[in-house]
Every structure is written in structure tokens, then in C-alpha cells.
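Novice: Under mature numbering (1 follows the signal peptide of the UniProt record, and there is no 0), the residues of the sequence shown are numbered -22 to -1, 1 to 631, in order.
Just so it is clear, CB atoms sit at the ideal spot from N, CA and C, and this is done for glycine as well.
Can you keep this structure in mind? I'll have questions shortly.
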Amino acid sequence: MVLQSSALLAVTLLLGVTRICGYLNTPCPLMCKCDTAMKEVTCAGNASLPAAMQYAPEDTKILHIDGADMGGVVVLRHPPVLPNLQVLRISESVGVRDVLPNVLPSFKQLHELYLIDNHLQCIDGRLLSSHLRVIDLSSNLIESLADDVFAGLYKLQILRLSHNRIKRVSAKVFSDLESLEEIDLSHNRLQYVHPQVFRYQPVLQVVDLRSNYLTSLQETTFSGLRKIHRVDLQDNPWDCHCGLTWLQQALTDGSSTFRDAKHVCCASPPSLRSLSLQSINPDQFNCSAPSFAVLPPTDIVIVYMHSTHIHCPVSGYPAPSVYWITPHGAVVNPDNSQWLSEELTEFGAERSYSGLPTYYKTSVRVLTNGSLEIHKLRSYFIGEYTCVAVNEVGSVSAKVNMTITSAVSGYLTAACIIGATTAGGLAMLAMCICMLTICIERHCLKPRSHVKVLSVTIEPSGYKRPACPWHLDDNRVSPSPDPSIFEFYVPAVCVTPADDRDADRQSEEVRENTRGTLEGVRARLRTGVGTGVDRIRLHAHCVAETSSRRLQTIRESSSQYMHTMRESGGHYMHNVRESSSRYMRNIRESSSVYASRMRTGVVLGMEQVKCHVQSVKELCGTGTMIQTVSMVSVSTDVDSQQQQEVVKTISFV
């Protein structure tokens, strides 16, 4: 038994020494320090990070990389194989954002991840291992946290996000962190923390919200945390109103939960500025319910596919949160929703709809000032809109009925109005021109007497009216009448009789004067009529002469045209005759040539027949024989001049 125990002990020691020696023989990466006891590798400065990540001992549990350039890790052909790595700390390094997708998935047993001061702007939650218990992302450039960034991290206990640029924390961002005990959000730009953000963390103990831009917190933010024992709220610009009464009472009661209570000071209103919240009497808090500074319009008509803004100016203290209820759901601005319920905060700040045609997109969103912006309104979004303002004291609402109209109808109405106005203006202008023309014609063409009667002429007794010479010859313009007819005398009617006792004599003179006046007027009328008739005759004579000249011109031009037509017709007929004569002559010549050729061919054929008959006779002699006659005919084609011989042989017994 003793020997067996000694042998077993020797084997165990040998295996242990062999394992230790094997670990010691494993090379440590360049410019790195390796702690064999703690199985820890620390690389600092400009270390060879590909070697640090890829050539570290396989059983390394802790890996520190500080102040290095991670650019070389991006080109790693294979991810590092460190199956036992539990703690990874990378700080003050460059290029970490490009390294994480290649590195993190290979560390299956990673429990603690420290990425401090690496200029990270975001992190992909899909790269985080579900075994993580500590995540430290402090001193980076993270501006927002997606709702699913920490999804599936049920074992996470410590989360540090200090010294970033985070502005708001939604209700669902920490919903999967059931084991979270400590969270650090200090030194960010937080303006809003959802009241239900910590409702899924029953074991949360430490919350650090120092040095942010928080102005208010609701009591429900920490009401469900039974194990909470430390909350840091100092160095925030608190707006001290009735909504912070719960915090003032907690600080006054000396609760140990809220640290450094004296540094929780008011930044507004001006009357409470720089005062510690615990030193203020709750009666000093001023609050007022929301109210509309200007009521929104009750009815709005918007042109199809146009954009508009609906303003909803509200006042109240503390500053109300404004949201809109549209025909298809609520829209909320997330930067101004501290007084809204949990159900409302789940709605987004924008709703959009893409119909047909799909390249048109209608969107409705709430701006920071509470105004509703509608971009390219379509019929899908028409209906009743309600603006609601809420704060700690109460709420107020106003409804706006929105309808849509077509731009075509407006343009048609405007076109009709413009057309009617233009037509009316043109009609008025035409009437004015016509009236002006009539006035000018009446003024300029007004008939006037050719002889103006300036005085009355009294013919002496025994005067005999001469015959009017301008009536003697109707074909000539008569000379002017005798000027002696128009001698002017001072009318006797203008002379008052010296002796008014002789009434009969006066009456006789009046009658004589009247008779003379009438005769003078009659003579002047005849003179004017005669002059007008003469002018008419002269005008008719001019018209007759003009017509005669025009007729003479027409006759001459017609005669010249007919002469030209005759000459051209004669030339044409002469050309036709000449061409016909040439054609007939050519036909005769060609016919005679063809006839002579045919006669010559027939004669030659007959001569050949005769020669053949003679030769037969000479051959046979005069004895009894069978007579054979050969006939040869020659035919000649007139057009192609080709000859064809036909031989016929006849034998007589």
C-alpha cells in the first residue's frame, strides 16, 4: 500500500511539473507581461497586438490591453482562440470599434468586459456574451442606447456608462437586466429618464445620476426598488416645482439613500436658484395647470400632397409635455415626455404611411416645441387631431379637424375668376373705345352750313333776282354766284323809327324786312345745295374715270395673255407635228428595210431549190428511177437578223 501511494504521488507530481513546465515554455507576446499564477496577460504601449490577441497562452483568463493601436488586429486571418478568457480590458486604444466584431464572438466564457476611453460611439448588442456579469463602457462617445442593446444579458450585475453623451433613457433599455445591482449613468447629458426604467430590476442597489442635465424626476422612478441603498442626484439643474415635493421630503427626512443631499440644488425658478432642495419649504413651490396661449384652429383645409405645421402653444409650470392623437394613433416627442404615462411613451415621435404610388410617403411627427408637422398630406391621414398638454398639475386638450382639398379645384376657380375679370375688363375697354369713337365722329363730322349768315340783307325796291347760272349747265361746275347778291346792309328792323305815330308805315317796313330776310336765306340755301351737288358730280366723274382706266387695263392685260397663249399653243402644235413626222419616217424606213430583207431571203431559197432539183436530175439521168426532191427554205428573223434553214425531202416512185 505504501508503495502504491508513493507511486501515485510521484505520478501526480510528475504530471503537475510537466503541466507547469509546459505553461512556462509557452512564449509570452512581445511587450507583454504574463502572470503564470494568475494566468493574466498585460500588454501596454505599442505592443504587438496581433501577437497579444492571437499568441497569448490558451489558458489565459485575464487580458489587459492599454494604450495601444488596434489597427493591426483588423487584418487577423483567424480570431484569437482563448477558450478560458474571463476578463477582457481594452482601454485608451485606437480601432476598438473595428476589433469587436472579430474578437468578442470567440470568447465564449467572457464574464467581464471593460472598454474604457476608446472613442466608441455605439455598441452592437449582438456581440455581447450572455455570460457577462460586468460591462464597463465609460469615457466613450456613446450618444444613445437602443432598446435591445442589452437584450439577453440576464446575468449582468454591474453596468457602467459614465462620461458619455447619452441624452435619454427609455423604458425598455434595461428590461432584460434582471440581475442588475449597480448602474452608473453619471457625467452624461441626460435630460429625461423614463419613470418605469427600473421596474424590471428588483435587486438594484446603486443608481448614479450625477452631473447630468436632469430637471425633474417622478416619484415612480425609484418606488419599486426595495433594495436600493444609494442614489446620487447632485450636480443637476433641478427645476424646483411641486413635482419634486417627494424628493424634497426624502432629503429633509435624512434618508440615507440619497447621498450628498446638500448638493442637490435648484437651478430654477429664479427665486429658488442655488438653494438646496432640502432647505426649501414646499409652500414655495409654484405650479400651474397647462393652458393654451393661443388655441389651435378648429378646422384646417390642406391641399393634397402639401405640407403644413399645426402649432399648439401651451403654458404651465412645470413645462407641460405635449403629444398628439392622430386618426391612427398617438405621436409623442421623446425629448419632452416626462409627464406622460407609460402607455403613451411607447409611441414614437413619427408616423408614416406609404400608399400608391409608393414613392410618395406621408409622415406625421411632433416637434420639440409641441407643433405637429405633416409632410405631403394624403387622404389616409385626414380626420380629427387632438393636441394634449400634461404636467404634474393637470392636462388640457384641443381638437383640430383636418380636411383635404384638391389643388385642381382651386386652380379652376382661380382660372374662372381671372377669366371673368379679364373678359369684363376687355368688354369695358371695348365700350369705352366705342363711345370715344362716336364722340369723335360727332364732333369732327358735324355738318355745317357753307355760308354763314352774318347779317340780314334788305333788297331795295324794284330789285329783280337774277337767274342762277350754275343751273344752266349740268355737266360743268358753275362759277360762284354774283357777289352783288350778298351785299350786306344794316337791317331796317334794328333802327327804331323816329316818328312812332305812323304805325302803318312801321308795319310795312317790318314786312319788307322779313320778306327780304327770307329771300336772302333762300338764296344762301340754294347756293349750299348747289355746291354739294357739284361736289357729288365731281366725285362721280372721278369714279367713272377711275373705272374706265381699270377696265382698259384689264382689257390690255387680257389681250396680252390671250396672245401669249396663242403663241405657246402654236409652238406646241408645231413641235407635235415635227415629232410625228420623224416617227412616221422612221417607221417607213424600217419597214422597207425589213421587206427587202425578206424578198432577198425568199429568192435565195428558191435558187437553192432549183439547184438541188438540177443536181438530182443530173445524177439520175433519164432511166427509170425513184425521183427524190429536196426543198430547202430559209427564214430570216427581221429583229435579230438570224437565219434558219428548213430542208424537206420528197421521193416520187
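Might you give, ordered along the chain, the residues of its own chain that have their beta carbon closer than 8 Å to the beta carbon of Y132, omitting 5 neighbours on each side?
Specialist: The sequence position of residue 132 within the sequence shown is 154, counting from 1. Correct list, in chain order: S108, D154, L155, E156, S157.
Novice: Taking the straight line between their C-alpha atoms, what separation do you get for S285 and H353?
Specialist: The sequence position of residue 285 within the sequence shown is 307, counting from 1. The sequence position of residue 353 within the sequence shown is 375, counting from 1. In a straight line, the C-alpha of S285 is about 4 Å away from that of H353.
Novice: Using the C-alpha atoms, what's the distance from R504 back to E523?
Specialist: Looking up residue 523 in the sequence shown gives position 545. Looking up residue 504 in the sequence shown gives position 526. Each residue's alpha carbon lies about 28 Å from the other.
Novice: Quick one, are the C-beta atoms of H42 and Q64 less than 8 Å apart?
Specialist: Taking the sequence shown and counting its residues from 1, one reaches residue 42 at position 64. Taking the sequence shown and counting its residues from 1, one reaches residue 64 at position 86. Against a cut-off of 8 Å, the Cβ pair of Q64 and H42 comes out as no contact.
Novice: Using a Cβ-Cβ cutoff of less than 6 Å, which residues in the same chain neighbour D162 once the five nearest sequence positions on both sides are dropped?
Specialist: Working through the sequence shown from its first residue, we reach residue 162 at position 184. Cβ neighbours of D162 beyond the five flanking positions: R138, S140, D186.
Novice: Assign residue 680 to one of two classes, buried (16 or more other C-beta atoms within 10 Å of its C-beta) or exposed (fewer than that).
Specialist: The question about residue 680 has no answer here: the residues shown for the chain are numbered -22 through 631.
Novice: With a Cβ-Cβ cutoff of 8 Å, do V279 and W317 count as a contact?
Specialist: Here residue 279 refers to the residue found at position 301 when the sequence shown is read from its first residue. Here residue 317 refers to the residue found at position 339 when the sequence shown is read from its first residue. Cβ atoms of V279 and W317: not closer than 8 Å.
Novice: Around the Cβ of G(-1), are there at least 16 other Cβ atoms within 10 angstroms (buried) or fewer (exposed)?
Specialist: Within the sequence shown, residue -1 is the residue found at index 22, counting from 1. In this prediction, G(-1) has a pLDDT of 38, which is less than 50 and means its spatial position is unreliable; what the coordinates show is noted afterwards. G(-1) should be labelled exposed.
Novice: Measuring only the C-alpha atoms, how far is R515 from A408?
Specialist: As a first step, residue 515 must be located in the sequence shown, where it is residue number 537. As a first step, residue 408 must be located in the sequence shown, where it is residue number 430. Cα to Cα, the separation comes out at about 38 Å.
Novice: Quick check on the DSSP output: the beta strand (DSSP E) that includes W317 runs from which residue to which?
Specialist: As a first step, residue 317 is located in the sequence shown; it is residue number 339 there, counting from the start. Element bounds for W317: n/a, residue is neither H nor E.
Novice: How is E160 classed by DSSP in three states: helix, strand or coil?
Specialist: Indexing the sequence shown from 1 puts residue 160 at position 182. If DSSP states are grouped into helix, strand and coil, E160 belongs with the strands.
Novice: I'd like to know whether the C-beta atoms of S117 and I94 end up nearer to each other than 8 Å.
Specialist: Taking the sequence shown and counting its residues from 1, the one referred to as residue 117 is at position 139. Taking the sequence shown and counting its residues from 1, the one referred to as residue 94 is at position 116. Cβ atoms of S117 and I94: closer than 8 Å.
Novice: Taking A376 as part of the beta strand (DSSP E), name the residues at either end of that continuous run.
Specialist: By one-based count along the sequence shown, residue 376 stands at place 398. Segment 373 to 383, the beta strand (DSSP E) holding A376.
Novice: What is the rounded straight-line gap between the Cα of R146 and the Cα of T198?
Specialist: For the purposes of this step, residue 146 is taken as the residue at position 168 of the sequence shown. For the purposes of this step, residue 198 is taken as the residue at position 220 of the sequence shown. One C-alpha to the other measures close to 17 Å.
Novice: Are the Cβ atoms of T38 and L66 separated by less than 8 Å?
Specialist: Here residue 38 corresponds to residue number 60 of the sequence shown, with the count starting at 1. Here residue 66 corresponds to residue number 88 of the sequence shown, with the count starting at 1. Taking 8 Å as the Cβ cut-off, T38 and L66 do not qualify as a contacting pair.
Novice: Between which two residues does the beta strand (DSSP E) containing S229 stretch?
Specialist: Working through the sequence shown from its first residue, we reach residue 229 at position 251. Looking at the sequence shown, residue 229 is not Ser but Leu. Counting along the chain, L229 falls outside any beta strand (DSSP E), though it belongs to the alpha helix (DSSP H) covering 223 to 230.
Novice: Put T340 into one of helix, strand or coil per three-state DSSP.
Specialist: Residue numbering aside, residue 340 sits at position 362 when the sequence shown is read from its first letter. Here T340 sits in strand by DSSP.
Novice: Please name the residue in A22, I40, V554, Y33 whose C-alpha comes closest to that of T14.
Specialist: By one-based count along the sequence shown, residue 14 stands at place 36. Closest by alpha carbon: I40.
Novice: If you draw a straight line from the C-alpha of P291 to the C-alpha of D217, how long is it?
Specialist: Residue mapping note: residue 291 aligns to position 313 of the sequence shown, counting from 1. Residue mapping note: residue 217 aligns to position 239 of the sequence shown, counting from 1. Computed Cα separation, rounded: 21 Å.
Novice: Under three-state DSSP, which class holds F359?
Specialist: By 1-based counting over the sequence shown, the position of residue 359 is 381. In this structure, F359 counts as helix in the three-state DSSP scheme.
Novice: Starting from the C-beta of E121, find all residues in its chain whose C-beta is less than 6 Å away, skip the five residues before and the five after it, and write them out in chain order.
Specialist: In the sequence shown, the residue the question calls residue 121 occupies position 143. Same-chain partners within the cutoff: R143.
Novice: I need the boundaries of the beta strand (DSSP E) containing Y178, first residue and last residue.
Specialist: Taking the first residue of the sequence shown as position 1, residue 178 is located at position 200. Element bounds for Y178: n/a, residue is neither H nor E.
Novice: So, is N190 buried or exposed, given that buried needs 16 or more other C-beta atoms within 10 angstroms?
Specialist: On the sequence shown, residue 190 is found 212 positions in, with the first residue counted as 1. By the neighbour-count rule (16 or more Cβ atoms within 10 Å), N190 is buried.
Novice: Who are the Cβ neighbours of W224 in its own chain at under 8 Å, not counting the five residues just before and after it?
Specialist: In the sequence shown, the residue the question calls residue 224 occupies position 246. Closer than 8 Å at the Cβ level, and outside the excluded window around W224, lie E197.
Novice: At which residues does the beta strand (DSSP E) containing V292 begin and terminate?
Specialist: Numbered from its first residue, the sequence shown carries residue 292 at position 314. Unbroken beta strand (DSSP E) run through V292: 292 to 295.
Novice: Less than 7 Å between C-beta atoms, sequence neighbours within five positions excluded: which residues of the same chain meet that for I266?
Specialist: By one-based count along the sequence shown, residue 266 stands at place 288. The residue asked about is misnamed: residue 266 is Ser in this sequence, not Ile. Cβ within range, chain order: G294, Y295, V371.
Novice: Please identify the residue among D277, S375, H287, I411 whose C-alpha is closest to the C-alpha of I303.
Specialist: For the purposes of this step, residue 303 is identified with residue 325 of the sequence shown, where counting begins at 1. Closest option to I303, Cα to Cα, is S375.
Novice: Going by alpha carbons, who is nearest to Q262 out of R528, L222, R343?
Specialist: By 1-based counting over the sequence shown, the position of residue 262 is 284. Cα-wise, what sits closest to Q262 is L222.
Novice: Only counting the same chain, and skipping five residues up and downstream in sequence, which positions put a Cβ closer than 7 Å to that of L450?
Specialist: On the sequence shown, position 472 is the one that residue 450 refers to. Confidence is the limiting factor: at L450 the pLDDT is only 42, short of 50, which leaves the residue's position unreliable, though a coordinate-based value still follows. Excluding positions up to five away in sequence, the list is empty.
Novice: Rounded to whole angstroms, what's the CA-CA distance from S526 to H517? Just pull it up for me.
Specialist: On the sequence shown, position 548 is the one that residue 526 refers to. On the sequence shown, position 539 is the one that residue 517 refers to. So the two alpha carbons sit approximately 14 Å from each other.
Novice: When we look at the beta-carbon of A392 and count the other beta-carbons within 10 Å, is it buried (16 or more) or exposed?
Specialist: By one-based count along the sequence shown, residue 392 stands at place 414. Classification for A392: exposed.
Novice: In its own chain, which residues sit with a C-beta less than 8 Å from the C-beta of G202, not counting the 5 before and 5 after it?
Specialist: On the sequence shown, position 224 is the one that residue 202 refers to. F176, R177, P180.
Novice: Verify whether the separation of the beta carbon atoms of D125 and K150 is less than 8 Å.
Specialist: The residue labelled residue 125 in the question sits at position 147 within the sequence shown. The residue labelled residue 150 in the question sits at position 172 within the sequence shown. Yes. Within cutoff.
Novice: Find out if the Cβ-Cβ distance for the pair Q212, D231 is shorter than 8 Å.
Specialist: Walking along the sequence shown from the start, residue 212 turns up at place 234. Walking along the sequence shown from the start, residue 231 turns up at place 253. Going by C-beta atoms, Q212 is not nearer than 8 Å to D231.
Novice: Could you give the DSSP three-state label for K201: helix, strand or coil?
Specialist: On the sequence shown, position 223 is the one that residue 201 refers to. One detail in the question is off: residue 201 reads as Ser in this sequence, not Lys. Correct three-state label for S201: coil.
Novice: Rounded to whole angstroms, what's the CA-CA distance from L540 to G547? Just pull it up for me.
Specialist: Residue 540 sits at position 562 when you count from the first residue of the sequence shown. Residue 547 sits at position 569 when you count from the first residue of the sequence shown. It should be pointed out that residue 540 corresponds to Met in this sequence rather than to Leu. Approximately 10 Å, taken between the alpha carbons.
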